[in-house]
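Asker: Handing you a structure now.
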Amino acid sequence: MHTLHLMTIAADSPQEACINIENEIVEWGNENNWRTICGCVSEDDQVYIHDKDYSSFHPQPGTTLRDIEKMVTGWTNTFDYDAFQQLVKFRIDEETLTAHDWWLLKEYCRFKSDSKYFRDSSFDIWETEYRSWQLDESGLTNMISSNDGKKKYVVFIDMHS
0 MHTLHLMTIA ADSPQEACIN IENEIVEWGN ENNWRTICGC VSEDDQVYIH DKDYSSFHPQ
60 PGTTLRDIEK MVTGWTNTFD YDAFQQLVKF RIDEETLTAH DWWLLKEYCR FKSDSKYFRD
120 SSFDIWETEY RSWQLDESGL TNMISSNDGK KKYVVFIDMH S
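The sequence shown lines up with residues 0 to 160 when you count with numbering that gives the first Met the number 0.
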């Protein structure tokens, strides 16, 4: 399974942004869970492809920060219908729920919380985080501590699990 996770970083070049993210997450994963740094989009909407061969999630030419913001907020607007069915089942007879049903309920509640957060707050790709450091999930992790005059980038990471 492939999952797109995004990380924001300040760097002198798109190559440096991708390499710095790779170095930051080098310890993540194993032979069954690994990642590919696909490329990035700069704060002025310049697209850079880092790894052309091994990814499902290259930023496409013309990708803008607004496109990325829409994508992230879209992650909070979709959820498996089965989780809602488990909520209905819970209201009827909680004793019949399996461990997986309880997990679906937990995920559904997290989804509802995320959706509410994104509706109630203004989204800023350089400030907002969504499922930060949960690299095996669609999310956005902010690594910008101080840009020191460096350009900001959103790096696309294809997480394989």
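Just so it is clear, CB atoms sit at the ideal spot from N, CA and C, and this is done for glycine as well.
Apply the 10 Å Cβ neighbour rule to LYS65 and answer buried if 16 or more other Cβ atoms are within range, or exposed otherwise.
Answerer: Strictly speaking, residue 65 in this sequence is Arg, with Lys absent from that position. Result: exposed.
Asker: Would DSSP call THR72 helix, strand or coil?
Answerer: Helix.
Asker: In this structure, does DSSP put ASN22 in helix, strand or coil?
Answerer: The answer is helix: DSSP assigns ASN22 an H, G or I state.
Asker: Just the C-alpha distance for THR63 and CYS39, rounded to the nearest angstrom, thanks.
Answerer: Roughly 10 Å separates the two Cα atoms.
Asker: Going by DSSP, which residues form a beta bridge with CYS39?
Answerer: The partner list for CYS39 (beta bridge, DSSP) reads TYR47 and VAL154.
Asker: On the premise that ILE156 lies in contact with ILE20, defined as a C-beta separation below 8 Å, what is that separation, rounded to the nearest angstrom?
Answerer: The pair is a contact, with the Cβ atoms about 7 Å apart (cut-off 8 Å).
Asker: Please report how far the alpha carbon of VAL153 lies from the alpha carbon of LEU96, in whole angstroms.
Answerer: VAL153 and LEU96: Cα-Cα distance of roughly 40 Å.
Asker: Check whether the Cβ atoms of TRP162 and ASP113 sit closer than 9 Å, and answer yes or no.
Answerer: Because the chain spans 0 through 160 in this model, residue 162 falls outside it and cannot be assessed.
Asker: Is it the case that the Cβ atoms of ASP50 and LYS149 are separated by a distance below 9 Å?
Answerer: No. Outside cutoff.
Asker: GLY28 lies in the beta strand (DSSP E); which residues open and close that run?
Answerer: That residue, GLY28, is in no beta strand (DSSP E); it is neither H nor E in DSSP.
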